[in-house]
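Novice: Residue numbers (the working numbering): 8 to 405. Idealized CB from N, CA, C, for every residue including glycine.
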Amino acid sequence: MKNICMLIMTCLMSSWAFAQQALWGGSNIVSPQVNEDHTVTFRIYAPKASKVEVEGDFLAAKTVDTPFGKQDAPTKASLKEVKPGLWEYTTVPLASELYSYVFYVNDMRVLDPSNVFLSRDVATIQNIFIVGDGRGDNYMVQDVPHGNVAKVWYESPALGMDQRRMTVYTPAGYEDSKKKYPVLYLLHGAGGDENAWSELGRATQILDNLIAQGKVEPMIVVMPNGNGAQQAAPGEAPSSMEKPTFMNKKTMEGSIEKAFPDIIKYVEKHYRTYTDKKHRAICGLSMGGFHSLYISALYPDMFGYVGLFSAAIHKDNKGPNADVYQNLEQKLAKQFQHAPELYWIGIGKTDFLYNDNVSYRKLLDEKGYKYTYMETGEGHIWRNWRIYLSEFTPLLFK
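#1: Applying the criterion that 16 or more other CB atoms from any shown protein chain within 10 Å of the CB defines a buried residue, is K69 buried or exposed?
#2: Which same chain residues end up closer than 6 Å to R116 when comparing Cβ atoms and leaving out the 5 residues on each side of it in sequence?
#3: By Cβ distance, which residues of its chain are closer than 6 Å to F343, with the 5 residues on each side in sequence left out?
#4: Please say whether W204 and F435 have beta carbons closer to each other than 7 Å?
#5: Counting only runs that start and end within the region 148-225, where is the alpha helix (DSSP H) found for 4 or more residues in a row?
#6: Are there any heavy atoms of the ligand MG lying less than 6 Å away from the beta-carbon of H153, as far as the coordinates show?
#7: Could you compute how far the alpha carbon of V190 sits from the alpha carbon of L166?
#8: On the CB-based measure, 16 or more other CB atoms within 10 Å of its CB, does L370 come out buried or exposed?
#9: Counting only the same chain and skipping the five closest in sequence on each side, list residues whose C-beta sits under 7 Å from that of D358.
#10: Please state whether DSSP places K250 in a helix, a strand or coil.
#11: Just mark L207 as buried or exposed, buried being the case when its beta carbon has 16 or more other beta carbons within 10 Å.
#12: Please classify F124: does DSSP put it in a helix, a strand, or coil?
#13: Roughly how many whole angstroms lie between the Cα atoms of N113 and A56?
#14: Taking the CB atoms as reference points, tell me whether G235 and I263 lie closer together than 7 Å.
#15: Please name the residue in D283, Y367, E162 and K87 whose C-alpha comes closest to that of P54.
#16: Rounded to whole angstroms, what is the Cα-Cα separation between L396 and M173?
#17: For the alpha helix (DSSP H) holding N134, just list the boundary residues, first then last.
#18: What whole-angstrom Cβ distance do L403 and A288 have, given they're in contact under 8 Å?
#19: Name, in chain order, the residues that DSSP records as bridge partners for R116.
#20: I need the straight-line Cα distance from V365 to E382, nearest angstrom please.
#21: Compare the Cα-Cα distances from E373 to each of K83, H298, A346 and E336 and report the closest residue.
#22: So, using beta-carbon positions, are Y106 and G63 closer together than 7 Å?
#23: What residues in its chain sit with their C-beta under 7 Å from that of F399, if we drop five residues either side in the sequence?
#24: Exposed or buried, what is S246 when buried is set at 16 or more other beta-carbons lying within 10 Å of its beta-carbon?
#25: CB V223 to CB Y176, shorter than 7 Å?
#26: Excluding the 5 residues flanking W31 on each side, which residues of the same chain have their C-beta closer than 7 Å to its C-beta?
#27: For G198, which of Y52, S121, V129 and A157 has the nearest alpha-carbon?
#28: Output the distance between the C-alpha atoms of R127 and A157, rounded to the nearest integer angstrom.
#29: Is the distance from the Cβ of H45 to the Cβ of L101 below 7 Å?
#30: Please report the straight-line C-alpha distance between D363 and I132, rounded to a whole angstrom.
#31: Tell me the rounded alpha-carbon separation between M147 and N134.
#32: By how many angstroms is the C-alpha of F253 removed from the C-alpha of K195?
#33: Per DSSP, which one or two residues make a beta bridge with K83?
#34: Find out if the Cβ-Cβ distance for the pair Y273, Y161 is shorter than 7 Å.
#35: I'd like the list of long-range same chain contacts for G296, defined as Cβ closer than 7 Å, with 5 residues on each side in sequence excluded.
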């Protein structure tokens with residue numbers, strides 16, 4: 008018995024020693040630390056480093072050339088070694104917002120080991136944090152009634168799939184009520200999937216908070232997968248453990264537009280929804296804005312509210328679904344003959360799609376089609392798209 012007790016004590020002391028070793032190895036470091044003055048302090052334990060930097064969208068952006076034109080890219084700031092092995096950097100006061108960042112230790116990209124909060128944008132993983140006392144408060148989980156988020160599978164005959172997945176948000180109180188709800192169809196951009204808006208876009212938190220504040224009508228929000236060749240997000244469908252890619256098959260060649268009624272059919276069969284134009288809205292970012300433009304034009308009696316967030320506009324398609332993109336002006340004429348309650352366009356000043364949106368608004372102006380326009384700073388980034396969702400949804404279903 009004595010030997011057993013000694014063995015137990017030895018194990019406990021070893022565990023304690025191991026825990027202390029981990030502690031001194033940096034596991035007790037607080038990073039990022041959001042300070043009362045809205046500055047943010049980053050720390051990392053890197054005892055063998057000669058150089059440590061942080062890269063994030065809270066720093067002044069630089070303009071870089073990409074295959075899609077000039078775009079904003081994050082810059083880096085240097086951390087200082089304040090104690091042996093402990094590196095630190097404090098920002099200037101930051102605006103209330105959600106931010107992302109990574110570290111570079113001796114030029115090697117690493118995540119912050121002290122921050123468990125991450126986001127995946129296509130194949131890029133970054134740490135995130137939120138500065139409150141402003142717009143960022145709506146991106147946080149607050150002490151308000153919460154809606155539910157479900158991952159549902161539906162049949163899409165138009166895509167030849169008996170199982171495809173989408174994300175559906177139902178507002179607080181949906182399960183206990185018998186009333187019908189309006190529906191917003193919320194579409195992601197290129198490289199995204201049915202997880203993008205709920206994870207990167209903070210759509211769930213935005214809707215919960217704005218509904219609780221009385222600024223947004225309770226609504227169902229449907230977030231489909233806009234890649235017509237995918238059943239679901241990478242890793243969440245059969246045989247899909249593959250690296251996410253920016254451009255997927257069957258995205259901007261007409262398949263999604265033609266298959267969209269399959270989504271609406273499922274939603275209106277399985278949820279308590281209104282089934283008329285004035286209780287349906289569609290919006291999306293980038294490729295999702297492109298889909299929103301052409302879906303709403305293809306089915307002019309389907310949506311009473313349309314939102315184009317940094318939308319791609321033009322598509323020269325010669326494939327089997329070319330008719331989806333042809334004769335846009337004629338389709339718009341039919342759509343605006345009984346105009347949507349709201350046609351909303353938002354884009355950043357340095358977005359690589361800015362000039363395309365200027366040309367599209369010129370066309371709408373020439374035809375006398377009314378729309379609401381919002382122009383923000385910066386470019387083709389999630390920060391803008393969260394703002395647009397926060398500004399668009401209070402205008403719906405009034």
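Specialist: Concretely, from the data shown:
#1: K69 counts as exposed, since fewer than 16 other C-beta atoms from the protein chains shown sit within 10 angstroms of its C-beta.
#2: Within its own chain, the residues whose Cβ lies closer than 6 Å to the Cβ of R116, once the five positions on either side in sequence are excluded, are V109, listed in chain order.
#3: Within the same chain, Cβ atoms closer than 6 Å to the Cβ of F343 are found at Y376, the five residues on either side in sequence being excluded.
#4: Coverage of the chain is limited to positions 8 through 405, which leaves residue 435 absent and any answer about it impossible.
#5: Segments of the alpha helix (DSSP H) lying fully in the region 148-225: 203-206 and 210-219.
#6: With respect to small molecules bound, the structure shown includes none, and the ligand MG cannot be examined in it.
#7: Here the alpha carbons of L166 and V190 stand approximately 23 Å from one another.
#8: Looking at its Cβ environment, which holds fewer than 16 other Cβ atoms inside 10 Å, L370 is exposed.
#9: Around D358: S317, G386 and H387.
#10: Three-state result, K250: coil.
#11: Within a 10 Å sphere around the beta-carbon of L207 sit 16 or more other beta-carbons, which makes this residue buried.
#12: DSSP, reduced to helix, strand and coil, places F124 outside both helices and strands of the structure shown, so it counts as coil.
#13: Roughly 6 Å between the two C-alpha positions.
#14: It is a contact, given that the beta carbons lie within the stated cut-off.
#15: Relative to P54, the option among D283, Y367, E162 and K87 whose CA is nearest is K87.
#16: Rounded to whole angstroms, L396 and M173 show a C-alpha spacing of 19 Å.
#17: Here N134 belongs to no alpha helix (DSSP H); instead the beta strand (DSSP E) covers T131 to V138.
#18: With a Cβ gap of about 5 Å, L403 and A288 count as contacting.
#19: DSSP output for R116 lists Y111 as bridge partner(s).
#20: C-alpha separation (whole angstroms): 11 Å.
#21: Distance check between E373 and each of K83, H298, A346 and E336 places E336 closest, using alpha-carbon atoms only.
#22: Yes, the Cβ-Cβ distance between Y106 and G63 is below 7 Å.
#23: For F399, the CB contacts under 7 Å within the same chain, skipping 5 residues up- and downstream, are C290, G314 and W351 in chain order.
#24: In the assembly as shown, S246 is an exposed residue. Its beta-carbon has fewer than 16 other beta-carbons within 10 Å.
#25: When the beta-carbon positions are compared, V223 and Y176 stay at least 7 Å from each other.
#26: The pLDDT assigned to W31 is 43, lower than 50, so where the model puts this residue is not dependable; a value taken from the coordinates is nonetheless given after this. Within the same chain, W31 has no close Cβ partners at all.
#27: Residue V129 is the option with its Cα nearest to G198.
#28: Here the alpha carbon of R127 sits roughly 19 Å from the alpha carbon of A157.
#29: Cβ distance < 7 Å, so H45 and L101 count as in contact.
#30: Cα-Cα distance, rounded: 30 Å.
#31: Computed Cα separation, rounded: 15 Å.
#32: Correcting the residue identity first, residue 195 is His in this sequence and not Lys. Distance between the alpha carbons of H195 and F253 is about 12 Å.
#33: K83 is bridged by DSSP to E62.
#34: Closer than 7 Å, so yes.
#35: Cβ within range, chain order: L315, F316, S317, A318 and A319.
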